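Undergrad: Going by our numbering, the letters in the sequence shown line up with residues -11 to 208, in that order. A virtual CB, placed ideally from N, CA and C, is assigned to each residue, including glycine. Since the structure is predicted, the reported quantities are computational estimates derived from the model, not experimental observations.
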Amino acid sequence: MLNPATPFANDLYTASDESLGVVQDPEGNIYRTVKIGNQVWMAENLRSTRFQDGSKIRTAFIPNDDDKNLLKYGRLYDWHDVTDERNLCPVGWRVASDEDWKELERTLGMSEADLDKRGWRGDDDIAIALKETQPDTAFKTFNQSQVNRFNFFARPAGAKLKHWYIAQGMYSEFWTSSDETDKDAFNRTLAHSWWNPHKGEIYRTALSKRYMFSVRCIKN
């Protein structure tokens, strides 16, 4: 069990659940981890600027280039850095693949029929179990006991494309390590905007590898 008094690099969190642990990357950043089903995930977005061999990661941008966002949102990486053989995750960890995400979604309760679909998927507001918060809206009331039920702590870091930061506060965008074509790779999206009707679902598609998204690592 993790001692709630353990000092975290990310002091926005206090962990006391028995499912929570920690892992450290080569730069010394400390991350909470969480066991969900048979998988062990990082419970925070990656913040590293170095691969396992110490070489510099080419992207690794802080959202809006604002240092205050680092601990809250982590860094944004393009897909080529995500899949570089030098590995940007801590030793013993890897970037979660499309299949890893499907296993997570299966644990959340997504139907087998939905797992391979594209677009918004999942019934019974399963996505809120991954989000740190999910306020009620004028259009819908959510079961607050289900919010962040798996201690995944998803936050809407948004994305970067070329020189532009987009969708911070509106979407959590996560790369997978699985590509579909030479130009596109699979990702996952969670909606946070008050006007988006899909806040209880998880979006699966393949997007340009030039996008820079958040990264969640999973234990080997």
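Sorted by chain position, which residues of the same chain lie with C-beta nearer than 7 Å to T121's C-beta, five sequence neighbours on each side aside?
TA: So the list reads V135, once near-sequence residues are dropped.
Undergrad: Mapping the DSSP letters down to three states, classify Q40 as helix, strand or coil.
TA: In this structure, Q40 counts as coil in the three-state DSSP scheme.
Undergrad: Can you pull the DSSP bridge partners for Q27?
TA: According to DSSP, Q27 bridges with I24.
Undergrad: In this structure, how does DSSP classify N184 when only helix, strand and coil are distinguished?
TA: In this structure, N184 counts as coil in the three-state DSSP scheme.
Undergrad: State the CB to CB distance for the pair K119 and A142, rounded to an integer number of angstroms; the pair is presumed to be in contact (CB under 8 Å).
TA: The Cβ separation is near 5 Å, so the contact holds.
Undergrad: Is there contact between the stretch 77 to 93 and the stretch 56 to 63, where contact requires at least three CB pairs shorter than 8 Å?
TA: They do not touch, by the three-pair rule.
Undergrad: Just to confirm the assignment, what range does the alpha helix (DSSP H) spanning E161 have?
TA: That residue, E161, is in no alpha helix (DSSP H); its beta strand (DSSP E) goes 159 to 167.
Undergrad: Taking the beta carbon of H180 as the centre, do at least 16 other beta carbons fall within 10 Å, making it buried, or is it exposed?
TA: Buried, by the Cβ-count rule.
Undergrad: Just the Cα atoms here: how many angstroms apart are E15 and N26?
TA: E15 and N26: Cα-Cα distance of roughly 28 Å.
Undergrad: Here's the rule: buried if 16 or more other CB atoms are within 10 angstroms of the residue's CB, otherwise exposed. What is K44?
TA: Looking at its Cβ environment, which holds fewer than 16 other Cβ atoms inside 10 Å, K44 is exposed.
Undergrad: Terminal residues of the continuous beta strand (DSSP E) containing R109?
TA: It spans 107 to 109 - the beta strand (DSSP E) in which R109 sits, taken as one unbroken run.
Undergrad: Whose CA, out of A126, G188, S196, D104, lies closest to the CA of K171?
TA: Per the Cα distances, S196.
Undergrad: Which partner residues of F201 appear in the DSSP bridge assignment?
TA: Paired residue(s): Y65.
Undergrad: Looking at the secondary structure, which residues open and close the alpha helix (DSSP H) in which L178 lies?
TA: No alpha helix (DSSP H) holds L178; the beta strand (DSSP E) holding it covers 172 to 179.
Undergrad: For F49, list the residues DSSP reports as bridge partners.
TA: Per DSSP, L64.
Undergrad: Apart from the five residues on each side of it in sequence, which residues of its chain come closer than 7 Å, Cβ to Cβ, to Q40?
TA: Around Q40: P14, R74, N75, V79.
Undergrad: L8 to V22, Cα distance in whole Å?
TA: The alpha-carbon atoms of L8 and V22 are separated by roughly 5 Å.
Undergrad: Between M200 and T47, which are expected to be in contact by the criterion C-beta below 8 Å, what is the C-beta distance as a whole number of angstroms?
TA: With 8 Å as the limit, M200 and T47 qualify as a contact, their Cβ atoms being about 5 Å apart.
Undergrad: Using the three-state DSSP reduction, which class does S85 fall into: helix, strand or coil?
TA: It is coil, neither helix nor strand.
Undergrad: If the criterion is Cβ atoms closer than 8 Å, does the pair Y19 and V11 meet it?
TA: The answer is yes: Cβ separation under 8 Å.
Undergrad: Starting from A101 and walking both ways along the beta strand (DSSP E), at which residues does that stretch end?
TA: From DSSP, A101 is part of no beta strand (DSSP E) but of the alpha helix (DSSP H) over 100 to 103.
Undergrad: Could you check the C-alpha separation between A117 and W67 for me, to the nearest Å?
TA: Approximately 26 Å between the Cα atoms of the pair.
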